[in-house]
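One structure below.
Residue numbers (my numbering): 577 to 690.
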């Protein structure tokens, strides 16, 4: 009985540790400007395409907050690297076509900004 109880405690501890690491993974939480490599004075952009995902972090592995469409307004603060293949961090300036509220912060792939 003592061995079975110890084994149960080990399994429980492992499950808690695994659950903790999953909860801290990038897909589970938002990433703010800490991922930026290039800062910029605040610049306003319009989204240049339809169907751009607005995300919680710089990459496809992050949760999509919503979708941006051509003409939606975005204030750019910074980006992950040079403009090619980079992600831009900023906020929505006015309610988007799909209903994302003004002031919502997040990431969009830079090539979709004009």
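Yeah, the Cβ is synthetic: ideal placement off N, Cα and C, and Gly gets one too.
Quick check: residue 607 and residue 633, are their CB atoms within less than 9 Å of each other?
In contact: residue 607 and residue 633 (Cβ atoms closer than 9 Å).
Looking at the unbroken beta strand (DSSP E) that takes in residue 676, where does it start and where does it end?
Taken as a continuous stretch (DSSP letters only), residue 676 belongs to no beta strand (DSSP E), as it is neither H nor E.
Could you pull out every residue in the same chain whose Cβ sits closer than 6 Å to the Cβ of residue 681, ignoring the five residues on either side in sequence?
Excluding residues within five positions, the ones whose Cβ falls inside 6 Å are 667.
Taking the continuous beta strand (DSSP E) assigned at residue 648, which residues delimit it?
Counting along the chain, residue 648 falls outside any beta strand (DSSP E), and DSSP gives it neither H nor E.
Check residue 665 in the structure and name its three-state DSSP category.
DSSP, reduced to helix, strand and coil, places residue 665 within a strand of the structure shown.
Compute the beta-carbon to beta-carbon distance between residue 630 and residue 640, rounded to the nearest angstrom, for a pair I have assumed lies under 8 Å.
So it is a contact: roughly 7 Å between Cβ atoms.
What's the C-alpha gap between residue 616 and residue 669?
17 Å
Please return the same chain residues whose Cβ sits closer than 6 Å to the Cβ of residue 618, not counting the five positions on each side in sequence.
651
Sequence-distant residues of the same chain with beta carbon closer than 8 Å to residue 646, five excluded per side
Hits under 8 Å: 622, 623, 624, 625, 626.
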